[in-house]
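These notes are about the structure you will find just below.
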Amino acid sequence: MSAPILRVAGLSAHIAGQQVVEDVSFEVPATGVTALLGRNGVGKTSTLKAIIGLIGRRGTVEFDGERIDGQPTHRIVQRGIGYVPEDREVFASLSVEENLRLAERHGGPNRTLVDELFPDLVARASQPAGTLSGGQQQMVSLARALINDNRLLLVDEPTKGLAPLIVVDVAEALARAARAVPILLVEQNLEVVRKLAHTVVVLEGGRVAHVGLAQELLDDDELTKRLLGVHSAHAQANGEAS
Amino acid sequence: MSTVILLIITGLGLGALYFLVASGLSLIYGLMGVLNFAHGSFLTLGAFAGWEFARRMGGGSWLTFFASLVVGAVVGAVVAAATEFLLIRRLYERHIEQVLVTVGLALASVALFDGIWGTDPIYVTGPAWLTQTSDILGARVPNDRFVLIIAAVFVLLAIVAFLKFTRYGLIIRAGVENRSMVTALGIDVRRAFTVVFAIGGAAAGLGGVLASHYFGYVSPQLGGSLLIFAFIVTVIGGLGSLAGAAMASVIVAILQQFANFFLGGTGDLVVVLLLAAVLLIRPTGLRGSKA
Chain A
28 MSAPILRVAG LSAHIAGQQV VEDVSFEVPA TGVTALLGRN GVGKTSTLKA
78 IIGLIGRRGT VEFDGERIDG QPTHRIVQRG IGYVPEDREV FASLSVEENL
128 RLAERHGGPN RTLVDELFPD LVARASQPAG TLSGGQQQMV SLARALINDN
178 RLLLVDEPTK GLAPLIVVDV AEALARAARA VPILLVEQNL EVVRKLAHTV
228 VVLEGGRVAH VGLAQELLDD DELTKRLLGV HSAHAQANGE AS
Chain B
36 MSTVILLIIT GLGLGALYFL VASGLSLIYG LMGVLNFAHG SFLTLGAFAG
86 WEFARRMGGG SWLTFFASLV VGAVVGAVVA AATEFLLIRR LYERHIEQVL
136 VTVGLALASV ALFDGIWGTD PIYVTGPAWL TQTSDILGAR VPNDRFVLII
186 AAVFVLLAIV AFLKFTRYGL IIRAGVENRS MVTALGIDVR RAFTVVFAIG
236 GAAAGLGGVL ASHYFGYVSP QLGGSLLIFA FIVTVIGGLG SLAGAAMASV
286 IVAILQQFAN FFLGGTGDLV VVLLLAAVLL IRPTGLRGSK A
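Those protein sequence lines, which keep their order, are chains A and B.
Read in order, the letters of the first sequence correspond to residues 28 to 269 in our numbering.
Read in order, the letters of the second sequence correspond to residues 36 to 326 in our numbering.
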């Protein structure tokens, strides 16, 4: 088995002096999708932000064998980590094209892939991103991460608030991306997790409560209920975690 | 009628001066959230540098005048960039410290200018045409107002073109919206901070040389007196909005001129009342998204 692409050890993070992640340790394999799960407010988003230094943190973060926890965010990202934030965070006043151009680090080597995955964005290139629908904004956000040759993607709740049809499109885009690049995915929709993830890391109260195979967790209704607060069968039927 | 025309054109000239100072303030606040109280020092230093250059070149020729504008802008840009790099960079997100440092720098720089050039106003000379007037529909308009207006329009267009057509402009526009997301795209936003300080300093330095011709003198207090109105303009226009700063500069200056003429020299009072009204009715300013 190849070495993990990301190794997090003893990671603690704080926002405005308040501890939001406590002594978290896990690894992300160099291939496939690893889902970071947990109930609302357990520190999933904060963990992603702490990995790339967007919030204050302590502990060790190794990316491809090298420590990155002492580096500023832009340097970490330049090493090849793409970040898709919760709530998209597109630049509303910039056009779709400008959002993508801003994200290009090396002349946009994956422009073809992005255009292929999101043809709607090509047609809306000159439209201000703030006027797009939620689903289209999510595509811009994903495209910004996919446009570069990243070696890891951190994707935070990409299907949140999207219509079911758009969720299918986003999941499909992530599945295609995952063939080329490992993904650490925060996701509440367990159907999407079941479809994409191989491994899961479950947080509880800012700490790691469970690490294992996604299939095993989602097949174990009792464990899923205990860790995530929902029945996996219920989640399967409704496509929602909460 | 001629009085109204005179007040409008002189108002536009004064507004141009306000804009040259406010444009930098607005850009700096918009991108970095820094209220730069030392911005007037860039203006004063630009004015002194322009005057020193013109004095040493010995003349009131147009070539010397334009060259002094360039000198003022370059000195303003270099000092502003150095201020950001050496002082402000360590203090991002620490707003109290930023205020203390920039206020301290403003006070210290006035003392420094006093020490170098003395406390008395130094009268400047330029091309004779600048001190003359032109007849516009019966109004005798001082010619330097036209130069101010042209310079402000040039600066506005140059900044807009920079923001629209360059990668740094793209970074700055994005950074005004969401600085941390720009960083999360792998961009060192601190370089953009330095660039913005340099642009603001250049506009202030240029404004300093033009202000010295507008007022007829340069003094260590020149920047401080204009900075107050530039802050008012920046707040009325909407913190972080260049277009808002341009609109507010014109509105404030013309209102000030009319109030001074028709309401017995109450221009400053009217401007402060306008500021209060804007803050009460529209706290984000004319074009701002945050205050």
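In this text, a Cβ means the ideal position worked out from N, Cα and C, and glycines have one as well.
All of these numbers come straight from a predicted model, not from anything done at the bench.
B/L277: contacting residues in chain A (beta-carbon distance under 9 Å): Near B/L277 there are no residues of chain A at all, since even the closest Cβ is about 12 Å away, more than 9 Å.
- Message: By the 8 Å beta-carbon criterion, what residues does the segment 203-230 of chain B contribute toward chain A?
- Response: Contacts with chain A (Cβ-Cβ distance below 8 Å) from the segment 203-230 of chain B involve L205, I206, R208, A209, E212, N213, S215, M216, V217, T218, A219, L220, G221, I222, D223, V224, listed in chain order.
*Beta carbon of A/V111, beta carbon of A/L169: below 8 Å?*
Using a Cβ distance threshold of 8 Å, A/V111 and A/L169 count as a contacting pair.
B/V231 and B/L126: beta carbons closer than 8 Å?
Not a contact, by the Cβ cut-off of 8 Å.
To the nearest angstrom, how far is it from the Cα of A/V60 to the Cα of A/L211? Rounded to the nearest whole angstrom, the CA to CA distance from A/V60 to A/L211 is 6 Å.
How far does the alpha helix (DSSP H) with A/L144 in it reach, from first residue to last?
-> Counting along the chain, the unbroken alpha helix (DSSP H) around A/L144 starts and ends at 138-144.
Q. Three or more beta-carbon pairs under 8 Å between the segment 100-109 of chain B and the segment 78-89 of chain B, yes or no?
A. In the pairwise beta carbon analysis, the segment 100-109 of chain B is classified as touching the segment 78-89 of chain B: at least three pairs are separated by under 8 Å.
Residues from the segment 124-142 of chain A in contact with chain B, defined by Cβ distance under 7 Å: The segment 124-142 of chain A vs chain B, Cβ under 7 Å: E125, R128, L129, A130, R132.
(message) Counting C-beta neighbours from all protein chains within 10 Å, is the total for B/K199 16 or more, i.e. buried, or is it exposed?
(response) Per the 10 Å Cβ criterion, exposed.
B/I185, enclosing alpha helix (DSSP H) - first and last residue = 178-200 is the span of the alpha helix (DSSP H), which, as asked, contains B/I185.
Item to check | Runs of alpha helix (DSSP H) wholly within the segment 81-164 of chain A (minimum 4 residues, chain order) | outcome: You should have 100-105, 123-130, 138-144, 146-150.
Between A/K71 and A/L64, what straight-line distance do the alpha-carbon atoms span, to the nearest angstrom? Approximately 7 Å, taken between the alpha carbons.
key: Limits of the alpha helix (DSSP H) - the one that B/F88 falls within   = That run of the alpha helix (DSSP H) goes 74-92.
**Message:** So, for A/Q45: in the same chain, excluding its five sequence neighbours on each side, which residues have a beta-carbon less than 8 Å away from its beta-carbon?
**Reply:** Cβ-Cβ distances below 8 Å link A/Q45 to nothing in the same chain once the five nearest sequence neighbours on each side are left out.
Nearest-angstrom Cα distance between A/E243 and A/E54? C-alpha of A/E243 to C-alpha of A/E54: approximately 18 Å in a straight line.
### Task
Using only the heavy atoms of the ligand NAD, determine whether one of them is closer than 7 Å to the beta carbon of A/A156.
In the structure shown, the ligand NAD is absent, as is every other ligand, since no ligand is present at all.
Given that A/Q105 touches chain B, what residues does it touch there, using C-beta distances under 8 Å?
By Cβ distance, chain B contributes G221.
Whole-Å CB distance - B/A239 paired with B/G59, under 8 Å assumed: With a Cβ gap of about 5 Å, B/A239 and B/G59 count as contacting.
CB of B/F88 within 8 Å of CB of B/S76, strictly: Against a cut-off of 8 Å, the Cβ pair of B/S76 and B/F88 comes out as no contact.
Which chain B residues are close to A/R171, counting only those with a beta carbon under 8 Å from its beta carbon?
In chain order: L220.
### Task
Measure from the alpha carbon of A/Q98 to the alpha carbon of each residue in B/T218, B/T137, B/Q292, then state which is nearest.
Ranking the options by Cα distance to A/Q98, first place goes to B/T218.
* Could you please give me the residues that DSSP links to A/L283 through a beta bridge? => Residue 283 of chain A lies beyond the residue range present for chain A, which begins at 28 and ends at 269; the question has no answer from this structure.
Checklist entry - Since B/A174 sits in a beta bridge, which residues does DSSP pair it with? => result Answer is B/I171.
Below 8 Å on the Cβ atoms is my contact criterion, and I expect A/L179 with A/F90 to pass it. Report the Cβ-Cβ distance as a whole number of Å. Rounded, the Cβ-Cβ distance is 7 Å, consistent with contact.
Practice item. Would you kindly check if the distance between the Cβ of A/V104 and the Cβ of A/I79 is under 8 Å? Key: Their beta carbons are under 8 Å apart, which means A/I79 touches A/V104 by this criterion.
When you compare the CB of A/F118 with every CB in chain B, is at least one pair closer than 8 Å?
At least one CB of chain B lies nearer than 8 Å to the CB of A/F118.
query: Would B/L55 pass as a contact of B/A187 if the rule is Cβ separation under 8 Å?
result: In this structure, B/L55 lies near B/A187, with their beta-carbon atoms less than 8 Å apart.
Worksheet item: Hey, how far is the Cα of A/V167 from the Cα of B/L205?
Response: Distance between the alpha carbons of A/V167 and B/L205 is about 16 Å.
Handout entry: Element boundaries [alpha helix (DSSP H), containing B/D303]
Key = 302-316 is the span of the alpha helix (DSSP H), which, as asked, contains B/D303.
Taking Cβ to Cβ, would you say A/I174 is nearer than 8 Å to A/A130?
Cβ distance < 8 Å, so A/I174 and A/A130 count as in contact.
Separation of B/V224 from B/A326, as counted between CA atoms
Bear in mind that the predicted position of B/A326 carries a pLDDT of just 37, short of 50, making it unreliable; the figure below should be weighed with that in mind. When only Cα atoms are considered, B/A326 and B/V224 end up about 22 Å apart.
query: Where B/L241 and B/R202 are concerned, what is the direct C-alpha to C-alpha distance, given to the nearest angstrom?
result: Roughly 24 Å separates the two Cα atoms.
* Asked: What number of angstroms, rounded off, separates the C-alpha of A/N67 from the C-alpha of A/S120?
  -> Cα-Cα distance, rounded: 30 Å.
Selection of the segment 65-92 of chain A by Cβ proximity to chain B, strictly under 7 Å
Per Cβ criterion, the list reads I79, L81.
* **7 Å Cβ cut-off: residues of chain B touching A/T100** => Neighbours of A/T100 on chain B, chain order: T218, A219.
According to the neighbour-count rule (16 or more other Cβ atoms, all chains shown, within 10 Å of its Cβ), is B/F189 buried or exposed? With fewer than 16 Cβ atoms within 10 Å of its Cβ, B/F189 is classed as exposed.
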